[in-house]
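Sequential numbering of the sequence shown, starting at 1, is according to my numbering.
Let me begin by presenting the structure, written as structure tokens, before commenting on it.
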Amino acid sequence: MTDSHDAQPPSHPETVEVALRRLEKAPDQRDHAHRMVALAAVIAAIGGLLFGYDTGIIASALIYITRSFSLDSTGQQGIAAALNLGAVFGAVMSGPLSDRIGRRPSVVSAALVFILASLGCALSPDETWLIVARFALGWAIGATTQIVPVYVAELAPAERRGGLVSLFQLVFSLGLLVAFFTGYFLAGPADCWRLMFGLGVIPAILLALGMMFLPESPRWLLEHGREAQAVAVLYRLRGHHEPIRQELDALRDAQAKSADIPGWSALRARWLRPALIAAIGLAALSQLSGPNVIVYYAPIILSEAGLGHTASLLTSVGVGVTSTITTLMGIMLIDRVGRRRMLLVMLPFAALALFGLGALFLDHAPLGGTRLVLVIIALLAYIFFNFGSLSVAVWLIASEVFPLIIRSKAMGLASATVWLSDTLVSLFTLSLVHDLGRSGTFWLFGAINALAFLFVLRFVPETKGTTLEAIETRLREGHFRP
Numbered sequence: 001m002t003d004s005h006d007a008q009p010p011s012h013p014e015t016v017e018v019a020l021r022r023l024e025k026a027p028d029q030r031d032h033a034h035r036m037v038a039l040a041a042v043i044a045a046i047g048g049l050l051f052g053y054d055t056g057i058i059a060s061a062l063i064y065i066t067r068s069f070s071l072d073s074t075g076q077q078g079i080a081a082a083l084n085l086g087a088v089f090g091a092v093m094s095g096p097l098s099d100r101i102g103r104r105p106s107v108v109s110a111a112l113v114f115i116l117a118s119l120g121c122a123l124s125p126d127e128t129w130l131i132v133a134r135f136a137l138g139w140a141i142g143a144t145t146q147i148v149p150v151y152v153a154e155l156a157p158a159e160r161r162g163g164l165v166s167l168f169q170l171v172f173s174l175g176l177l178v179a180f181f182t183g184y185f186l187a188g189p190a191d192c193w194r195l196m197f198g199l200g201v202i203p204a205i206l207l208a209l210g211m212m213f214l215p216e217s218p219r220w221l222l223e224h225g226r227e228a229q230a231v232a233v234l235y236r237l238r239g240h241h242e243p244i245r246q247e248l249d250a251l252r253d254a255q256a257k258s259a260d261i262p263g264w265s266a267l268r269a270r271w272l273r274p275a276l277i278a279a280i281g282l283a284a285l286s287q288l289s290g291p292n293v294i295v296y297y298a299p300i301i302l303s304e305a306g307l308g309h310t311a312s313l314l315t316s317v318g319v320g321v322t323s324t325i326t327t328l329m330g331i332m333l334i335d336r337v338g339r340r341r342m343l344l345v346m347l348p349f350a351a352l353a354l355f356g357l358g359a360l361f362l363d364h365a366p367l368g369g370t371r372l373v374l375v376i377i378a379l380l381a382y383i384f385f386n387f388g389s390l391s392v393a394v395w396l397i398a399s400e401v402f403p404l405i406i407r408s409k410a411m412g413l414a415s416a417t418v419w420l421s422d423t424l425v426s427l428f429t430l431s432l433v434h435d436l437g438r439s440g441t442f443w444l445f446g447a448i449n450a451l452a453f454l455f456v457l458r459f460v461p462e463t464k465g466t467t468l469e470a471i472e473t474r475l476r477e478g479h480f481r482p
């Protein structure tokens with residue numbers, strides 16, 4: 001793996017020109033480059049699998065951990081919350097890290113932390129050790145949610161960026177499914193939770209090894225003065241000389257415009273405010289709109305409403321399958337339909353599904369018959385419309401709206417917002433059910449989905465098919481608006 005810890009001296013312009021002229025005679029390898037970009041996106045998306053698996057496996061493991069360590073409710077909350085807290089730190093800290101050492105080495109570093117933390121969880125001798133290991137696991141997850149979308153966005157051509165970045169969310173959904181089935185099949189022995197955590201090592205190793213064969217982000221290389229390397233990487237990713245000079249010129253132009261804005265202070269620039277509002281607002285609404293309420297708490301809510309425990313768990317499987325299907329659909333459509341249009345079309349139906357769900361729970365009788373069927377349909381409809389819009393778009397839009405000089409740091413801020421919002425929802429959902437009732441809780445989240453629609457309508461412009469540098473130009477010229 002190429003060491004990218006320290007920036008090399010800037011390449012001489014003639015060296016770059018020689019490389020560009022040589023590429024004019026190079027064979028057309030666009031088909032190979034097409035596959036190369038897809039491979040890079042798939043390998044990097046393994047980070048999303050780890051994100052989903054390590055987030056979801058605690059639901060199956062916690063009951064056995066509680067027995068092993070005789071945990072009270074405080075201990076249970078500490079183990080569950082440690083991951084979210086670590087993710088906030090990982091999201092914020094990984095931005096400067098990836099700016100310094102590169103996107104690819106940062107993903108490898110996160111994978112190594114995944115390996116060590118998974119082993120730490122599996123081998124934990126006591127509650128304290130497990131909390132520390134879960135915090136480290138959370139750090140790796142937070143870092144991954146920041147670095148991977150940025151890395152893929154910086155590799156992908158504009159016309160394919162949406163689908164490739166959104167693979168991260170698809171594989172997250174698959175990770176949740178894998179976690180559910182792993183927990184189901186391993187359940188039984190007192191120490192089964194150790195194997196549940198330990199299996200997380202396997203995808204982490206695959207991620208670390210796979211990243212070693214992928215190129216560094218050409219935008220990061222250019223930012224660190226490695227123009228000749230950036231040209232070589234762009235040829236691997238584009239396969240033809242024609243788009244490379246245009247892309248390189250656009251990158252140089254964007255770099256020159258941002259040269260006078262150091263570090264975090266760039267976030268205070270007035271022209272960046274529309275991007276901050278769009279990305280941070282979507283990050284918060286992606287969690288406050290309630291997807292994890294359904295994913296994590298649907299079995300509890302349905303069981304308390306009179307549905308059998310087994311049937312409740314099977315409904316959760318349906319939720320997982322639906323989220324995977326709708327995310328896949330979103331990936332296929334987002335570069336054709338557009339980010340903004342998908343959000344505006346699907347969010348009203350997500351809100352309606354939750355309003356309908358709340359109405360169905362006005363009847364406090366045990367669930368059964370037609371009412372049970374309607375509840376399950378409403379649950380799955382909400383997952384379909386919310387996951388197919390907000391959950392697909394949040395990582396993508398946050399990774400593409402910021403200029404290169406601040407992209408990784410701003411993405412870290414957006415990722416931290418996701419995790420803080422998720423923590424708030426996790427802490428207060430069951431209290432909301434107690435205070436507002438099931439109907440009131442679903443209506444509240446329905447109203448937040450309606451608010452998300454209005455937010456997109458007012459603050460989120462379309463970025464479909466637009467290069468990252470063109471988006472920056474729109475920001476600077478004050479044209480980044482719906």
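No residue lacks a Cβ here, since even glycine has one placed at the ideal position from N, Cα and C.
Bear in mind the structure is a predicted one, so any value in this text is a computation, not a measurement.
Please report how far the alpha carbon of residue 282 lies from the alpha carbon of residue 443, in whole angstroms. 20 Å
What is the DSSP secondary structure of residue 322, counted as helix, strand or coil? helix
Secondary structure at residue 1, three-state DSSP: helix, strand or coil? The predicted position of residue 1 is uncertain, since its pLDDT is 43 and thus under 50; no value can be drawn from it.
Taking the runs of the alpha helix (DSSP H) that are 4 residues or longer, which of them lie wholly in the segment 24-98? 30-44 and 46-69
Roughly how many whole angstroms lie between the Cα atoms of residue 342 and residue 207? So the two alpha carbons sit approximately 31 Å from each other.
Rounded to whole angstroms, what's the CA-CA distance from residue 243 to residue 469? Just pull it up for me. About 14 Å.
Can you tell me where the alpha helix (DSSP H) with residue 464 in it begins and where it stops? Per DSSP, residue 464 belongs to no alpha helix (DSSP H) and is neither H nor E.
Limits of the alpha helix (DSSP H) - the one that residue 342 falls within: 339-360
Quick check on the DSSP output: the alpha helix (DSSP H) that includes residue 403 runs from which residue to which? Per DSSP, residue 403 belongs to no alpha helix (DSSP H) and is neither H nor E.
Report the rounded CA-to-CA distance for residue 472 versus residue 120, giving the unit in angstroms. 42 Å
Residue of 230, 177 and 27 minimising C-alpha distance to residue 51: 177
Cutting at 6 Å between CB atoms, please list the residues of its own chain near residue 481, excluding the five before and the five after it. 461
Cβ pair residue 290, residue 358 closer than 8 Å: no
Roughly how many whole angstroms lie between the Cα atoms of residue 143 and residue 382? 29 Å
Since residue 486 and residue 197 should fall inside the 8 Å C-beta cutoff, what is the C-beta to C-beta distance between them, to a whole number of angstroms? Here the chain comprises residues numbered 1 to 482, so residue 486 is not present and cannot be evaluated.
Residue environment, residue 415, which counts as buried when at least 16 other CB atoms sit within 10 Å: buried
Report the residue from 171, 91 and 131 whose alpha carbon sits nearest the alpha carbon of residue 330. Minimum Cα distance to residue 330 is reached at 171.
Is it true that the CB of residue 428 sits closer than 8 Å to the CB of residue 285? no
For residue 289, the three-state DSSP class (helix, strand or coil): coil
In whole angstroms, give me the CA-to-CA distance for residue 115 and residue 204. 6 Å
Would DSSP call residue 223 helix, strand or coil? helix
Is residue 322 buried or exposed, if buried means 16 or more other CB atoms sit within 10 Å of its CB? buried
N- and C-terminal bounds of the alpha helix (DSSP H) containing residue 483: Since the first residue shown for the chain is 1 and the last is 482, residue 483 is missing from the structure and cannot be characterised.
Which residue spans inside the segment 172-205 form an unbroken alpha helix (DSSP H) run of at least 4? 192-198
Please classify residue 409 as buried or exposed, where buried requires at least 16 neighbouring CB atoms within 10 angstroms. buried
Taking the alpha-carbon positions, what's the residue 464 to residue 336 distance? Taking the straight line from one Cα to the other gives about 8 Å.
Three-state secondary structure (DSSP) at residue 481? coil
Rounded to the nearest angstrom, how far is the Cβ of residue 217 from that of residue 154, given a contact under 8 Å? 4 Å
With three or more beta-carbon pairs closer than 8 Å as the criterion, would you say the segment 47-67 touches the segment 181-194? yes
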